[in-house]
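Asker: One structure follows; several queries about it will come next.
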Amino acid sequence: MTTATTHTEDEIWSWLKEVTDPEIPVLNIVEMGIARKVEIDGDKVLVKITPTYSGCPAMSAIEKEVKLKLAEKGIEKFEVKKDFSETWTTDWMTEDAKARLKDYGIAPPEKTTGDDDFLKSLKSTKVVPCPYCDSLDTELQSEFGSTACKAQYYCKECDEPFEHFKCI
Amino acid sequence: MSPKSKTDIPGAEHSATQTLTEKEAFFEYLIRLADDRLILGHRLSEWCGHGPILEEDIALANVALDDIGHSAALYEYAAEVEGEGRHRDDIVYFRDDVDYRNVKMVELPKGDFGFTIARQLLFSAFSYFLYERLKDAEDEQFSGMIDKHLKEIKYHLRHSREWTLRLGDGTEESHDRIQAAFNELWTYTDALFYMDEVDELLIEKGIAVDLNDFKDEWKQLVTDVLEEATLEVPDFDQFMQSGGRKGLHTEHLGHLLAEMQHLRRSYPDATWE
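As structure tokens, then:
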């Protein structure tokens, strides 16, 4: 029977990369920035995860998946903890992940979430390029799509509805 | 807490509870925030399957999820602060209406779509200004939570603002309906700014904020949106409802809780797992 002491943090990080978001299967929880910390204390493994959206039902599924993954790899003592001290932001998503998101048909979040001037920007809607034809001639249909993290857009160029991963 | 260290808050009730500890005050404060969001989230969830268009059905269900998610985090932390081994679900499912601390505005029946949007605008705008200030509170776990929820509240405010414009400046019927909603809801807005010894103590500790600090900004934002939507801004100086924060509620809360709590009270060991 293997014990945690024989495993390295890098190894555990590589296992976490095998856990994907149940809503967006092309992304894993490491590149999304959900998995935040791995700590090994003797034979015990601690994994800290940061929730994306507060009410996101995927979070409990992700928590369960992480536990199953650790158990599957032979770790006997582990703890998966939710960490609120850092606020999850789409800025943590890697460029590679954003590119795959686009290939999957979801317009990725923009580069930065900085919006100190929110009350002024309240009146302007963002231009989101169509993930299929890159046209800028798109319109917002709803601030909320199939999940809280996505908004619903429509491309007037290629007549395709598409989702946009909102920037938070 | 010595009497001279009390912050002078206009309208604050000075009760005989001089022995209120910081822990008790913080617990109460978290419960007030959480109760508002849980009850509003429940009301919004009643739209699921009944939205006027598919996109709005989904949008309101998502906002409901956010609100209930916010309340879950706040209840969890409240239970931790209390330190008596209660689970957040004990606080939600085994308290009666008199123990709930939400403002009356959030417990009113969902009404028509215009009523729901009007309430969302008034409440989201209030939450936005409150959370903008609370996010720097001197308690890492609390401020972290608030900062996260604020990001989602921005989307709620944007959503309700756009719909207020669309309905107010829409057809005669949509205009009249949302105007009636604002007129009715208006008398419930003052209670959002209620403060008492709980706030006083926590303002001193750098956790809570003085709600008067942003009352004018809130009024301005709401006024701007209503005017842009060609709606009449009701009178701020009129009779105002009160009572929610002290456990005095409308007749609607009991019915809501009966529905929300019945499963857990009938089957206390039931879980979602």
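So the sequence lines, in the order shown, correspond to chains L and B.
If you read the first sequence in this note's numbering, its first letter stands for residue 160, the second for the next number, and so on.
If you read the second sequence in this note's numbering, its first letter stands for residue 3, the second for the next number, and so on.
Ideal placement from N, C-alpha and C gives every residue a C-beta, glycine not left out.
All values reported here derive from a predicted model rather than from experimental measurement.
I'd like to check one pair, residue 204/B with residue 27/B: are the Cβ atoms closer than 8 Å?
Answerer: Walking along the second sequence from the start, residue 27/B turns up at place 25. Walking along the second sequence from the start, residue 204/B turns up at place 202. Yes, Cβ-Cβ distance for residue 27/B and residue 204/B is below 8 Å.
Asker: Can you list the beta strand (DSSP E) stretches of 3 or more residues lying completely in the segment 175-261 of chain L, in chain order?
Answerer: As far as the segment 175-261 of chain L is concerned, its whole beta strand (DSSP E) runs of at least 3 residues are 194-200, 203-208 and 236-241.
Asker: Using the C-alpha atoms, what's the distance from residue 262/B back to residue 98/B?
Answerer: Walking along the second sequence from the start, residue 98/B turns up at place 96. Walking along the second sequence from the start, residue 262/B turns up at place 260. In a straight line, the C-alpha of residue 98/B is about 11 Å away from that of residue 262/B.
Asker: Exposed or buried, what is residue 225/L when buried is set at 16 or more other beta-carbons lying within 10 Å of its beta-carbon?
Answerer: For the purposes of this step, residue 225/L is taken as the residue at position 66 of the first sequence. So residue 225/L counts as buried.
Asker: For residue 255/L, count neighbouring C-beta atoms within 10 Å of its own C-beta (all shown protein chains included) and say buried if the count is 16 or more, exposed if not.
Answerer: Within the first sequence, numbered from 1, the residue matching residue 255/L stands at position 96. So residue 255/L counts as exposed.
Asker: Is the number of C-beta pairs between the segment 195-215 of chain L and the segment 304-311 of chain L that are closer than 8 Å three or more?
Answerer: Judged by Cβ distances under 8 Å, the segment 195-215 of chain L makes contact with the segment 304-311 of chain L, as three or more pairs qualify.
Asker: Does the Cβ-Cβ distance between residue 239/L and residue 206/L come in under 8 Å?
Answerer: Numbered from its first residue, the first sequence carries residue 239/L at position 80. Numbered from its first residue, the first sequence carries residue 206/L at position 47. Yes. Within cutoff.
Asker: Pull up the distance between the alpha-carbon of residue 411/L and that of residue 194/L, whole angstroms please.
Answerer: For chain L, the structure presents residues 160 to 327; residue 411/L sits outside this window and is missing.
Asker: Using C-beta distances below 6 Å, list every residue in its chain close to residue 16/B, excluding the 5 sequence neighbours before and after it, in chain order.
Answerer: For the purposes of this step, residue 16/B is taken as the residue at position 14 of the second sequence. In this predicted model, residue 16/B has a pLDDT of only 49, less than 50, meaning its place in the structure is not dependable enough to derive any value.
Asker: Taking its Cβ as the centre, do 16 or more other Cβ atoms sit within 10 Å of residue 328/L, making it buried, or is it exposed?
Answerer: Here chain L has residues from 160 to 327 only, and residue 328/L is not among them.
Asker: Round the Cβ separation of residue 66/B and residue 43/B to the nearest angstrom and send it over; I've been treating them as touching at under 8 Å.
Answerer: As a working mapping, residue 66/B is identified with position 64 in the second sequence. As a working mapping, residue 43/B is identified with position 41 in the second sequence. Yes, residue 66/B and residue 43/B are in contact; Cβ-Cβ is about 5 Å, under 8 Å.
Asker: Please check the pair residue 289/L and residue 314/L, which I expect to be a contact at CB under 8 Å, by giving their CB distance rounded to whole angstroms.
Answerer: Within the first sequence, the letter at position 130 stands for residue 289/L. Within the first sequence, the letter at position 155 stands for residue 314/L. With a Cβ gap of about 4 Å, residue 289/L and residue 314/L count as contacting.
Asker: Could you name the residues of chain L that residue 147/B contacts, counting a contact when the two beta carbons are closer than 8 Å?
Answerer: Here the question's residue 147/B lines up with position 145 in the second sequence. Here the neighbours are 243.
Asker: What are the partner residues of residue 297/L, as DSSP defines its beta bridges?
Answerer: Counting from one through the first sequence, the residue named residue 297/L turns up at place 138. The partner list for residue 297/L (beta bridge, DSSP) reads 314/L.
Asker: Do you know offhand how far residue 105/B's Cα is from residue 137/B's?
Answerer: As a first step, residue 105/B must be located in the second sequence, where it is residue number 103. As a first step, residue 137/B must be located in the second sequence, where it is residue number 135. Each residue's alpha carbon lies about 21 Å from the other.
Asker: Please state the DSSP three-state secondary structure of residue 322/L.
Answerer: In the first sequence, residue 322/L corresponds to position 163, counting from 1. Residue 322/L: strand per DSSP, three-state reduction.
Asker: Is there at least one Cβ from chain L nearer than 8 Å to residue 67/B's Cβ?
Answerer: The residue you call residue 67/B lines up with position 65 of the second sequence. For residue 67/B, the answer is yes, since a Cβ of chain L falls inside 8 Å of its Cβ.
Asker: Applying a beta-carbon distance threshold of less than 7 Å, which residues of chain B neighbour residue 277/L?
Answerer: Here residue 277/L is taken as the residue at index 118 of the first sequence, counted from 1. Going along chain B in sequence order, the residues near residue 277/L (Cβ under 7 Å) are 156.
Asker: Within the segment 126-200 of chain B, note down every full alpha helix (DSSP H) run reaching 4 residues or more, in order along the chain.
Answerer: With a minimum length of 4 residues, the continuous alpha helix (DSSP H) runs that stay inside the segment 126-200 of chain B are 142-170 and 174-188.
Asker: Taking the alpha helix (DSSP H) that residue 77/B falls in, what are its first and last residues?
Answerer: Against the second sequence, residue 77/B aligns to sequence position 75. Where residue 77/B is concerned, the enclosing alpha helix (DSSP H) stretches over 56-84.
Asker: Please give me, in chain order, every unbroken run of the beta strand (DSSP E) with length at least 3 that falls completely inside the segment 201-237 of chain B.
Answerer: For the segment 201-237 of chain B, not a single whole beta strand (DSSP E) run of length 3 or above is found.
Asker: Three Cβ pairs or more, each shorter than 8 Å: is that satisfied between the segment 120-135 of chain B and the segment 86-95 of chain B?
Answerer: These segments do not touch.
Asker: Which residues in chain B sit within 9 Å of residue 251/L, going by Cβ to Cβ distance?
Answerer: To locate residue 251/L, count along the first sequence from 1; it is residue 92. Here the premise fails: no neighbours, minimum Cβ distance about 13 Å.
Asker: So residue 177/B and residue 232/B are supposed to be a Cβ contact under 8 Å. How far apart are they, rounded?
Answerer: Against the second sequence, residue 177/B aligns to sequence position 175. Against the second sequence, residue 232/B aligns to sequence position 230. Their Cβ separation, rounded to whole angstroms, is 7 Å, which keeps residue 177/B and residue 232/B in contact under 8 Å.
Asker: Round the Cβ separation of residue 237/L and residue 204/L to the nearest angstrom and send it over; I've been treating them as touching at under 8 Å.
Answerer: Working through the first sequence from its first residue, we reach residue 237/L at position 78. Working through the first sequence from its first residue, we reach residue 204/L at position 45. The pair is a contact, with the Cβ atoms about 4 Å apart (cut-off 8 Å).
Asker: Return the residue from the list 39/B, 155/B, 107/B and 145/B that minimises the CA-CA distance to residue 127/B.
Answerer: Indexing the second sequence from 1 puts residue 127/B at position 125. Checking every option, the nearest Cα to that of residue 127/B belongs to 155/B.
Asker: Excluding five sequence neighbours on each side, which residues of the same chain lie with their C-beta closer than 7 Å to the C-beta of residue 243/B?
Answerer: In the second sequence, the residue the question calls residue 243/B occupies position 241. The residues are 106, 189, 190 and 193.
Asker: By the 8 Å beta-carbon criterion, what residues does the segment 245-275 of chain B contribute toward chain L?
Answerer: The residues in question: there are none.
Asker: Hey, does residue 263/L have any beta-carbon neighbour from chain B nearer than 8 Å?
Answerer: Counting from one through the first sequence, the residue named residue 263/L turns up at place 104. Chain B contact via Cβ: absent.
Asker: Beta-carbon within less than 6 Å of residue 298/L's beta-carbon, same chain only, minus the 5 sequence neighbours each way: which residues are those?
Answerer: Within the first sequence, the letter at position 139 stands for residue 298/L. Contacts found: 313.
Asker: Nearest to residue 214/B by alpha carbon, out of 197/B, 103/B, 170/B and 22/B?
Answerer: Taking the first residue of the second sequence as 1, we reach residue 214/B at position 212. Measuring from the Cα of residue 214/B, the nearest candidate turns out to be 197/B.
Asker: Here's a check: name, in chain order, each residue in its chain whose Cβ is nearer than 7 Å to the Cβ of residue 40/B, leaving out the five neighbours to either side.
Answerer: The residue given as residue 40/B occupies position 38 in the second sequence. So the qualifying residues of the chain are 70, 73 and 94.
Asker: Can you check whether the C-beta of residue 104/B is within less than 8 Å of a C-beta belonging to chain L?
Answerer: Position 102 of the second sequence, counting from 1, holds the residue named residue 104/B. Not closer than 8 Å to any Cβ of chain L, the Cβ of residue 104/B fails to qualify, so no.
Asker: For residue 266/L, name the three-state secondary structure that DSSP assigns.
Answerer: Walking along the first sequence from the start, residue 266/L turns up at place 107. Correct three-state label for residue 266/L: strand.
Asker: Taking the continuous alpha helix (DSSP H) assigned at residue 38/B, which residues delimit it?
Answerer: Taking the first residue of the second sequence as position 1, residue 38/B is located at position 36. Counting along the chain, the alpha helix (DSSP H) containing residue 38/B begins and ends at 24-47.
Asker: Please check the pair residue 133/B and residue 159/B, which I expect to be a contact at CB under 8 Å, by giving their CB distance rounded to whole angstroms.
Answerer: The residue you call residue 133/B lines up with position 131 of the second sequence. The residue you call residue 159/B lines up with position 157 of the second sequence. Wrong, their Cβ atoms sit about 11 Å apart, outside the cutoff.
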